[in-house]
Each structure stands twice: as structure tokens, then as C-alpha cells.
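For reference, the structure discussed in these notes is given below.
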Amino acid sequence: MLHLVDESIEAFLRAVVPLGSQEIDVAFNAPNREWSAQLNRPTVNIFLWDIARSTNRMESGFQRGMVNGVASESWVPTPVEFRYLVTAWTADHSDEHQLLGQLLRTLLGAYVLPTEYMAGELSELPEPTITTPTTKDRVQTDLWKALDGQLKPGIEITLTLDIPTGTPRPLAAPTEEFGIGVDNLASTDDLSRTRMVAGEVRDPAAPGITVIGPRGTTRINEAGNFLIKASAGDQLTIELDSPITVTVPESGGIRITP
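Numbering (the numbering used here), first residue to last: 10 to 267.
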């Protein structure tokens, strides 16, 4: 992929600066003394000196899309920064500064690398951004020392490209129909006969008294009434001072008069 990034930058600069292929060479070599000694005509050097994940546009998670007509998901692309040092090399300093100025004007006016200049598979990706770093982020002269080269003015650019990561995986087929079913919860006679049974106890002492049944308990309210879950034949106990036991009828409620 790196060679495609290089080819894309070269195609952009040759077209926009412009840099005629008959007059000016473009190289990606490390601009050290050995390399510069072999130059015999004007050359623009575009040296890739750093690659790192961008911290400005960090994202995580999955994204969904169509791959060959199939709904799929994949990790969101990873933004990667490619940092280049662009320098001009000519036999005359005046020509060198003129060429460097043309490069500077083009790069300062560029915000993205247009798709039309993107090489190969990169043309299918979002257009990468082009930025020039501020003074505090610039390359130090130590880079030139590491290259064993003569210190020269250069233009630093950062190209940020969203690179797909991982292989898309197909999602489940979309739901085209659905059904609703109902279970028969009243599958036994016992459940089918359970109901809320109302009762009335005509006793001044009844309010607040507990009514106990095999399926739960309740209390008698201030009006002397209660409501309890029960089935026909269940025994209910009203815990008065002298407890009363009654049988739940097949239908209707319960009335107790002590």
C-alpha cells in the first residue's frame, strides 16, 4: 500500500504544481549525501519519514455496509498519518527556491488529495487530508543528521488516510416475516379454575384481619371486603378471634356473617 500512497502524491504534484516529467525528477529515497551526489537534473524529493495512527480522529466499533450485494459489518477504518519531508534539489539555489516555492503554494492550498490522483485500490477510499504541521510539530535538525545530509529547507506534510482493517463479515439475512404464537397457560384444570374471589365479612372486628388461602393471603379492608386468588374447593381461613374456615364456591363470592 505504501507504494500506492507515494504514487498518488507524485501524480498530484506533477499535475498541480506542475512538474514536467521531462524536466524534473521525483524521488522517494532518503535524501542523504550518497543519494544527492548522484543527481544530474532538478529533483523533488518526497521522503516518508514517519507512519503513525492518527490521534485526532480516533474511532472504534463496527460499521455496516453492502459487500457484493450482501449486508456486512467490519471494523471502522483506522486513520493513519503518513509524514513526508518535501525538498527541492537543483544545481542553482535560485532555481531551487523557485521550485520549492511552487511546491509550497500547491501544498498550502491543498486540503485533500483528490480521488482522481489516487492510485490503485486507494481510489476506493475516502479522500485523504493533507496538512502542514505547526512550528512545534516540525521535524528537528536531528533528522538531517541521521540522514547524513546537508541541511536544507523543506516542506513537511501529513497525509491522513482512513485504512480499512479486518475482513467484512456477512450479517444475518434481514427479517422478511414474523409470526406470533400464544401458549395455552391454562393447560391444567387447576390453572383454568383459578380466579380472583371476592369476599365480605360482616363483623365489626374484621377490618385488618388476614385471610389465608392455598394460593396467597390478603387483608380485609375497612369496609369488611377482601379479594384473594383461589379456585373452587379451596379452603380460606379468616383469622378472627375465633378463626372461620370457608370453602370457595364454583362461582360467585363469599359472604360471612359470624
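For each residue, glycine too, the CB sits at the ideal point set by N, CA and C.
Asked	Found
Alpha carbon to alpha carbon, how far is Gly261 from Phe235?	14 Å
Tell whether a beta-carbon distance below 8 Å holds between Ala128 and Ser17.	yes
So what does DSSP say about Arg62, is it helix, strand or coil?	strand
Give the straight-line distance between the Cα atoms of Phe56 and Glu130, rounded to the nearest whole angstrom.	22 Å
For Ile60 and Val89, which I take to be in contact (beta-carbon distance under 8 Å), what is that distance rounded to the nearest angstrom?	7 Å
Below 8 Å on the Cβ atoms is my guess for Tyr93 versus Ala24; work out the distance and round it to an integer in Å.	Actually they do not touch by this definition, with Cβ atoms about 17 Å apart.
For the alpha helix (DSSP H) containing Gly4, name the first residue and the last one.	Residue 4 lies beyond the residue range present for the chain, which begins at 10 and ends at 267; the question has no answer from this structure.
Near Phe37, what residues of its chain come up, given a Cβ to Cβ distance below 6 Å and the 5 sequence neighbours on each side ignored?	Asp15 and Ile55
Checking 8 Å against the spacing of the C-beta atoms, do Pro223 and Asp250 come in under that value?	no
For the beta strand (DSSP E) that contains Asp15, what are its first and last residues?	No beta strand (DSSP E) holds Asp15; the alpha helix (DSSP H) holding it covers Leu11 to Val25.
If you reduce the DSSP assignment to three classes, tell me which class Thr254 lands in.	strand
Can you give the Cα-Cα distance for Asn41 and Asn49, rounded to whole angstroms?	15 Å
Hey, how far is the Cα of Leu28 from the Cα of Val121?	19 Å
Note down the Cα distance separating Arg211 from Ile263, rounded to an integer number of angstroms.	11 Å
Which two residues bound the contiguous alpha helix (DSSP H) that contains Arg42?	Arg42 to Ser45
Using CA coordinates, which residue listed in Ala100, Ile164 and Ile172 is at the minimum distance from Glu133?	Ile172
Assuming Thr227 and Ile218 are in contact, meaning their beta carbons sit under 8 Å apart, how far apart are those beta carbons, in whole angstroms?	Actually they are not in contact, since the Cβ atoms of Thr227 and Ile218 sit about 10 Å apart, beyond 8 Å.
If you draw a straight line from the C-alpha of Ile139 to the C-alpha of Ser30, how long is it?	23 Å
Just tell me which of Phe91, Leu108 and Ala97 has its CA closest to the CA of Pro137.	Phe91
Distance check for Ala207 and Glu259, CA to CA, integer angstroms please.	13 Å
Do Thr254 and Thr246 come within 8 Å of each other at the CB atom, strictly closer than that value?	yes
Roughly how many whole angstroms lie between the Cα atoms of Asp157 and Ala39?	10 Å
Any idea what DSSP makes of Thr96, helix, strand or coil?	strand
Please give the ranges of any beta strand (DSSP E) in the region 209 to 250, keeping only runs that are unbroken, at least 3 residues long and fully inside the region.	219 to 222, 225 to 228, 234 to 239 and 244 to 247
Which term fits Ala4, buried or exposed, when burial requires 16 or more other beta carbons within 10 angstroms of its beta carbon?	Since the first residue of the chain shown is 10 and the last is 267, residue 4 is not available in this structure.
Check each candidate in Thr203, Leu170 and Phe21 and name the one with the smallest Cα separation from Ala119.	Phe21
Please list, in chain order, all residues of the same chain as Glu32 whose beta carbon is under 8 Å from its beta carbon, the five residues on each side excluded.	Arg50 and Pro51
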